[in-house]
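>
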Amino acid sequence: MRSALNRGGLALAQTAVTAFAATGDTALVTNPSEEFDYEYVLACQPTANKSGLALALSNCKIQLRSLETLGLLHEFHAHNSTINDVWTSPSSPFQLATCSSDECVKLWDTRAALPAMVVPVGREVWSLSIGCGETLLATGTDELAQFYDVRTGNKLGQYGESHVDAITKVRFHPTQPAFVVTASEDGVVCFFDCRIPDEDDALESILNVESAVTNVGFFGPQQENIFCLTGTETLDLWNLWTAERLHHYDTIRDDCNKNGLSTDYLIDCVYDDQSNELFLLAGNHDGDMNAVAIGTDAASAGKLQHAAALKGGHKACVRCIYYDPENTTLYTGGEDTRLCKWTVPGAAEATDGYSSSSSSRRATGLDPAGIRKARKASRPLATSETPPHSRKRLLGATSTHSSTMTGIMKKVTEFYKKDECSKYYKLGKTLGTGSFATVKSAISKADNSRWAVKCIDKASLTAEDEEALRVEVEVLQLVHHTNIVQLKEVFDCHKTFYMVMEEMSGGELFDRIVEKEKYSEKEASCVVKKLADALLYCHQKGIVHRDLKPENLLYQSTDDNAEIKIADFGLAKLIRGDSLMQTACGTPGYVAPEILEGRPYGAEVDLWSLGVIAYILLCGFPPFYDENNAALFQSIKSGVYDYPSPYWDCVSDLAKDLISRLLVVDPKKRFTAQQVLEHPWVADIHGVSGDALPHFTQEMKRYNARRRFRYGIMAAKTISALNSAQKRVSASDFDPPVAAIAAVGLEAVKTAAPTTTEGGTPAAPAPAPAGTQ
Numbered sequence: 005m006r007s008a009l010n011r012g013g014l015a016l017a018q019t020a021v022t023a024f025a026a027t028g029d030t031a032l033v034t035n036p037s038e039e040f041d042y043e044y045v046l047a048c049q050p051t052a053n054k055s056g057l058a059l060a061l062s063n064c065k066i067q068l069r070s071l072e073t074l075g076l077l078h079e080f081h082a083h084n085s086t087i088n089d090v091w092t093s094p095s096s097p098f099q100l101a102t103c104s105s106d107e108c109v110k111l112w113d114t115r116a117a118l119p120a121m122v123v124p125v126g127r128e129v130w131s132l133s134i135g136c137g138e139t140l141l142a143t144g145t146d147e148l149a150q151f152y153d154v155r156t157g158n159k160l161g162q163y164g165e166s167h168v169d170a171i172t173k174v175r176f177h178p179t180q181p182a183f184v185v186t187a188s189e190d191g192v193v194c195f196f197d198c199r200i201p202d203e204d205d206a207l208e209s210i211l212n213v214e215s216a217v218t219n220v221g222f223f224g225p226q227q228e229n230i231f232c233l234t235g236t237e238t239l240d241l242w243n244l245w246t247a248e249r250l251h252h253y254d255t256i257r258d259d260c261n262k263n264g265l266s267t268d269y270l271i272d273c274v275y276d277d278q279s280n281e282l283f284l285l286a287g288n289h290d291g292d293m294n295a296v297a298i299g300t301d302a303a304s305a306g307k308l309q310h311a312a313a314l315k316g317g318h319k320a321c322v323r324c325i326y327y328d329p330e331n332t333t334l335y336t337g338g339e340d341t342r343l344c345k346w347t348v349p350g351a352a353e354a355t356d357g358y359s360s361s362s363s364s365r366r367a368t369g370l371d372p373a374g375i376r377k378a379r380k381a382s383r384p385l386a387t388s389e390t391p392p393h394s395r396k397r398l399l400g401a402t403s404t405h406s407s408t409m410t411g412i413m414k415k416v417t418e419f420y421k422k423d424e425c426s427k428y429y430k431l432g433k434t435l436g437t438g439s440f441a442t443v444k445s446a447i448s449k450a451d452n453s454r455w456a457v458k459c460i461d462k463a464s465l466t467a468e469d470e471e472a473l474r475v476e477v478e479v480l481q482l483v484h485h486t487n488i489v490q491l492k493e494v495f496d497c498h499k500t501f502y503m504v505m506e507e508m509s510g511g512e513l514f515d516r517i518v519e520k521e522k523y524s525e526k527e528a529s530c531v532v533k534k535l536a537d538a539l540l541y542c543h544q545k546g547i548v549h550r551d552l553k554p555e556n557l558l559y560q561s562t563d564d565n566a567e568i569k570i571a572d573f574g575l576a577k578l579i580r581g582d583s584l585m586q587t588a589c590g591t592p593g594y595v596a597p598e599i600l601e602g603r604p605y606g607a608e609v610d611l612w613s614l615g616v617i618a619y620i621l622l623c624g625f626p627p628f629y630d631e632n633n634a635a636l637f638q639s640i641k642s643g644v645y646d647y648p649s650p651y652w653d654c655v656s657d658l659a660k661d662l663i664s665r666l667l668v669v670d671p672k673k674r675f676t677a678q679q680v681l682e683h684p685w686v687a688d689i690h691g692v693s694g695d696a697l698p699h700f701t702q703e704m705k706r707y708n709a710r711r712r713f714r715y716g717i718m719a720a721k722t723i724s725a726l727n728s729a730q731k732r733v734s735a736s737d738f739d740p741p742v743a744a745i746a747a748v749g750l751e752a753v754k755t756a757a758p759t760t761t762e763g764g765t766p767a768a769p770a771p772a773p774a775g776t777q
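Reading the sequence shown from the start, the letters are residues 5 to 777 in the numbering used here.
1. So, with DSSP's three-state summary, where would you put T390?
2. Which residue spans inside the segment 110-156 form an unbroken beta strand (DSSP E) run of at least 3?
3. To the nearest angstrom, how far is it from the Cα of E128 to the Cα of Y619?
4. Can you tell me whether G264 is buried or exposed, with buried defined as 16 or more other CB within 10 angstroms of its CB?
5. Using only CA atoms, which one of H498, S426, P94 and S464 lies nearest to A450?
6. DSSP has K641 in a bridge; who is on the other side?
7. According to DSSP, is E248 helix, strand or coil?
8. Determine the contact status of L71 and P97, defining contact as a CB-CB distance below 8 Å.
9. Mind checking who C273 pairs with in its DSSP beta bridge?
10. Grouping DSSP H, G and I as helix and E and B as strand, with all else coil, what is G164?
11. If I follow the unbroken beta strand (DSSP E) through Q180, where does it start and stop?
12. Please state whether DSSP places D737 in a helix, a strand or coil.
13. Could you check which residue in G157, G137 and E214 has the C-alpha nearest to that of P119?
14. Beta-carbon within less than 7 Å of A576's beta-carbon, same chain only, minus the 5 sequence neighbours each way: which residues are those?
15. Closer than 7 Å by C-beta to T236: which residues in its own chain qualify, once you throw out the five before and the five after it? Chain order, please.
16. Report the CB separation of L622 from V655 in whole angstroms; it is logged as a contact under 8 Å.
17. Inspect the beta-carbon positions of K569 and M505 and report whether they are closer than 8 Å.
18. Within 10 angstroms of its Cβ, does T341 collect 16 or more other Cβ (buried), or is it exposed?
19. Would you grab the beta carbon distance between E165 and E203 for me? Rounded to a whole angstrom, and I think it's under 8 Å.
20. How long is the line joining the alpha carbons of G338 and D268, rounded to whole angstroms?
21. Does the beta-carbon of C103 have 16 or more other beta-carbons within 10 angstroms, so that it is buried, or is it exposed?
22. F440 lies in the beta strand (DSSP E); which residues open and close that run?
23. Less than 8 Å between the C-beta atoms of C260 and H289, yes or no?
24. Give me, in chain order, the residues of the same chain whose beta-carbon lies closer than 6 Å to that of G336; leave out the 5 immediate sequence neighbours on both sides.
25. Quick one: is Q309 buried, meaning 16 or more other Cβ sit within 10 Å of its Cβ, or exposed?
26. Would you kindly report the start and end of the unbroken beta strand (DSSP E) that includes R454?
27. Would you call the CB atoms of Q99 and P178 closer than 8 Å?
28. Please confirm whether S131 and K173 have their CB atoms less than 8 Å apart.
29. At the level of alpha carbons, what is the spacing between T819 and L68?
30. Using a Cβ-Cβ cutoff of less than 8 Å, which residues in the same chain neighbour S529 once the five nearest sequence positions on both sides are dropped?
31. Quick one: grab the DSSP three-state call for T701.
32. Along the alpha helix (DSSP H) that carries N261, what are the first and last residues, could you check?
33. With contact counted as at least three CB pairs below 8 Å, one residue from each stretch, are the segment 553-573 and the segment 602-611 in contact?
34. Rounded to a whole number of angstroms, what is the C-alpha to C-alpha distance between I640 and K159?
35. So, R257 versus L244, is the Cβ gap smaller than 8 Å?
36. Distance, Cα to Cα, N788 vs A607?
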């Protein structure tokens, strides 16, 4: 151990740290004057490439600080309750994840200080970890370890039989990313193979620590060992491969005090992979710390060696540490609001070691308290020395998309293929282009079926674009309905993201209608019924479209009996139960009044849009129109419209009745999708007139032509007006903000005959005939 210290293996052995800390040397102790609003520093993790240090504060904020100077780089409010854990991406300095008692996990793009995704877990989340090539999120809640797809936020499964109390720590293995450790207050640590769906079969080993486990970490040349700190201030060392307890330090706090090292609690352990040494940091309530070298092999088992005293940096308990062995630097954060940086200018002698009362015993693989029934013998993990015929296939960052995966891991990646789309599809002519995407026709090489492939340039995507795209894919994965455009599969390649979707060659709803010589109320009823049925399906799944408009209503083919389908879920949102949203989005002529008012809203906004569409389908012009968008929004918020003559003279009272129940300003009084389907004008199609509406075709052609002509002219005005009209309300935890109005993601595609502005803003509608509102 002495030689390891001399070659700079563990800088904490240097007693010079104490002297420098006492004098407040800024090279060693940082933040001599800057405090964190008198809040605790709860957790700290380095960002990728050691570009900074992410701190979780007890005031629910995240701070990013320089590792060199500890200067503040960025700060943002992350949660509404205490942040319990922080994970930082090893590949991107701008990505991190946080979990909290507010029952959600947030994945962050720190450049925008906005959550790229919010995963509603529905339970207090005590710990999180992301593994398997950064595709799988594991969360520890009460007694459940739950798993989610990082790309979509979809829940993939859970392990809930192995623990009987709260899971305090969840950690993916650093070198074998398909394996995860869960530690609990029940005193048990479990090691799972996430590729196996059955929990009993997935359980590789059980470690009976016997006391509530508060922290765990990996160590050893192959990270084959794990340390476990407990609430009773004991330390356990285990071999994960064999489920063997290497050592049990049960009087470590008392032994430190007996040897003159004032110790009230155990903080954490750090592993120096350069010297293969494990160190325990222990502290007292005055903020003083001591680093103690832990014996990990047979020769040193039971031996504790004082390595360094760290005094003068803190004035209260230390809550978190991060050690950088490459630069021999230690960072500590505590309840005194301080973040300290400890460095060592040279090596020094350590004090004599001393023995600790301890025991060394092998685990049985059973829970003696009767938590578990007897299991099969613990299975050792595969190593590089394991013969190929006896090894399980282990997953690394380059192999997480293998077709041989099963269980939870298969669910993560089966929808995203790390392969070239051209291997499976022959790409044809360009159907449309946008600011960062191109849509091409495609033929499947497997069965010659026709599809449309959206090719998205990853380099052109902003964080908001990525979020909208992720949500759209997530939603389309969940829906399988006759009247919703199908997403077949996704190819996630190095530079391009390919979405293979159902080809919709029949054109838009309004374009299709104006081609008809006559149009009847019965045809309008059929369209409304299909749209209401699709909305009911979505709402039952917790999906709100939020941008229902004619441009997003497409026909599958040019056949007379082709199905109409809802497309473009770029602004769609998944909500839980009665959760509300607050993001300003939608299309001006079809947006609900509650969105314009800036009030929290729910799925009712889709029914308002359906009411506007139904109105147009019966007369050929919209219920609300004004050249000035501010006036248009005021008209929508008032909810005042009428049925001007002669355009509505031949429309039935039943049709007008349904319109009047959809265009209701109070969302609580507005019809639901189920009520629309039960309304006699929709439910009894045989009772609806099939006679041609005399004025409809002329008005629809006029409206449709003017709508297309004004495409692009009103784009900037529309965005500005809607942003100005909305009352600024902070987004809820389950509704991370996306660009107002702009339908990022799939809606960025602009067709050859454009009907939406780039970003999804619609052209202004044509003026209604005299007498309309």
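Using N, Cα and C, we set each Cβ at its ideal position, and we do this for glycine too. In this text the structure is predicted, and so the values were computed from the model without any measurement.
Reading from the atomic positions:
1. Any reading at T390 must be qualified, since the residue scores a pLDDT of 32, below 50, and its modelled position is unreliable; the value itself is stated next. DSSP places T390 in coil when its eight states are reduced to three.
2. 118-124, 131-135, 140-144 and 149-153
3. 46 Å
4. exposed
5. S426
6. Partner(s): none; K641 has no beta bridge.
7. strand
8. no
9. L284
10. coil
11. No beta strand (DSSP E) contains Q180, which DSSP labels as neither H nor E.
12. Note that D737 scores a pLDDT of 31, beneath 50, so its modelled location is shaky and nothing firm can be said.
13. G157
14. V475, E476, V479, I547, V548, H549 and R550
15. S215
16. 5 Å
17. no
18. buried
19. 5 Å
20. 15 Å
21. buried
22. Taken as a continuous stretch (DSSP letters only), F440 belongs to no beta strand (DSSP E), as it is neither H nor E.
23. no
24. In the sequence as displayed, the identity of residue 336 is Thr instead of Gly. Same-chain partners within the cutoff: V322, I325 and C344.
25. buried
26. R454 to D461
27. no
28. yes
29. Because the chain is modelled from 5 through 777, residue 819 falls outside the range shown and cannot be assessed.
30. A659, W685, V686, I689 and V692
31. helix
32. I256 to K262
33. no
34. 38 Å
35. no
36. No answer is possible for residue 788: the residues shown for the chain start at 5 and end at 777.
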